[in-house]
Ligand code: CTP
Ligand code: ZN
């Protein structure tokens, strides 16, 4: 073998979804958002793999599972630059971009300690506001803006 890496670092899958170019420190957030710790499908995960664009990236491969665009949009807060590859019979048949949803329900935490969502069992709900590359979250309940994504569970 030459110096060039010719082997996949994480095995190829026959059918399913490959989430690629996930920032290494967001990988467990993505697993949580997609609830992959409760799936019965085979999931392979690579963390801290080399990437030209990200330095270090993460990758998640879910065999025999295809996600609706809305489900994938939920990971926009943790990994907006992730690529979604749809695999059928070992071939990449589609590449999708993650689309930030207008409304985010039950993923992020409100940064306002006085917010009802931090005091009672109320599901969080935000409107997303895009400012250049940055995404801010406008709380439906307290109307405060949360500047950075704080995962609900961590
Ligand atoms: N992949 C896989 N199983 C397959 C085919 C592809 O797990 N049967 C994975 C590859 O390992 C890669 C991703 O799906 O992580 C996308 O594959 P491909 O488009 O061939 O790779 P790149 O060209 O490197 O993708 P990009 O341009 O998005 O970086
Ligand atoms: Zn709030």
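Numbering (this note's numbering), first residue to last: 461 to 614. For each residue, glycine too, the CB sits at the ideal point set by N, CA and C.
Counting C-beta atoms within 10 angstroms of its own C-beta, residue 494 has 16 or more neighbours from the protein chains shown and is therefore classed as buried. Judged by their CB atoms, residue 539 and residue 486 are nearer to each other than the 9 Å cut-off. Per DSSP, residue 529 is one residue of the alpha helix (DSSP H) stretching across 529-533.
By the 16-neighbour rule on beta-carbons within 10 angstroms, residue 477 is buried. Residue pairing by DSSP puts residue 480 in a beta bridge opposite 543.
For residue 485, the three-state secondary structure derived from DSSP is helix. Counting of Cβ neighbours within 10 angstroms places residue 583 among the exposed residues, the total staying below 16. About 16 Å separates the CB atoms of residue 588 and residue 612; that is not less than 8 Å, and the two are not in contact. As computed with DSSP, residue 599 is found in a beta bridge with 586. Around the CB of residue 553, fewer than 16 other CB atoms lie within 10 Å, so the residue is classed as exposed. In this structure, the alpha-carbon of residue 548 lies about 12 Å from that of residue 522.
Setting aside the 5 residues that flank it on each side, residue 501 is surrounded in the same chain by 476, 522, 523, 524 and 525, each with a C-beta closer than 8 Å to its C-beta; the list follows chain order.
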